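131 is the number that the working numbering gives to position 80 of the sequence shown; each next residue is one higher, with no gaps.
Ideal Cβ positions, reconstructed from N, Cα and C, are used throughout, including at glycine.
Because the structure is a prediction, the values reported are computed rather than measured.
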Amino acid sequence: MTKNVYILYISLSGNTHNFVQRLTNHLKEQGIIVHSLNVKDNFNFRKLEHPFITILPAFLDGGNGRQNGCHEILSPILSHWLGYADNYHRCYGIIGSGNRNFNRQFALTAKQYARRFKFPYLTDFELRGSEQDVQRIANLIVEKSTEAE
């Protein structure tokens, strides 16, 4: 039986999209079909029928991630997708990304989503991710998607 994996993500600068493409190719080599949805500028909200993973880069309002710079900017449409028809109930985890130069703000938005929607924060990668990140996260997604079935 063919395995399917579902990914909900947002990519604004292209880094996350590049990562999802490479992840898709890696999983395809394993015979796994990836269905991904980039919600950037996609306001056609609908109920997501299958368990899915979410990938979210950090876009925050400056500051240091403690006293300030904790507020999401540019990507709240993903929150609307998760909230629509309680889609977040079908999300089995979130993966964060960002730039480690921003210290505490690195992947902070994904950590905030995990707390807000009460699904697990699984892991993170920097910028476009390395080939090791692709392999590591592909294995994690296969494991978690199997548990969610």
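Taking the DSSP output, what are the residues bridged to residue i?
| i | result |
| --- | --- |
| K54 | I83 |
| D92 | Its beta-bridge partners do not exist; DSSP assigns none. |
| Y172 | I145 |
| E177 | G149 |
Using CA coordinates, which residue listed in the options is at the minimum distance from residue i?
| i | options | result |
| --- | --- | --- |
| L78 | T53, K98, V90 | T53 |
| A203 | P102, E200, E198, L107 | This structure cannot settle anything about residue 203, because the visible part of the chain is limited to 52 through 200. |
| N154 | F170, K91, E177, I146 | E177 |
| G65 | H131, F170, S148 | S148 |
| T67 | I83, S87, V56 | S87 |
| I146 | W132, A189, N152, N138 | A189 |
| E194 | N95, L133, D92, I83 | I83 |
Give the secondary structure of residue i by DSSP, where H, G and I count as helix, E and B as strand, and everything else as coil.
| i | result |
| --- | --- |
| F110 | coil |
| I128 | helix |
| I192 | helix |
Check whether the region 177-189 and the region 69-85 touch, using three or more Cβ-Cβ pairs below 8 angstroms as the test. yes
Legend entry - the region 136-145 contacting the region 95-106, beta-carbon criterion three pairs below 8 angstroms: yes
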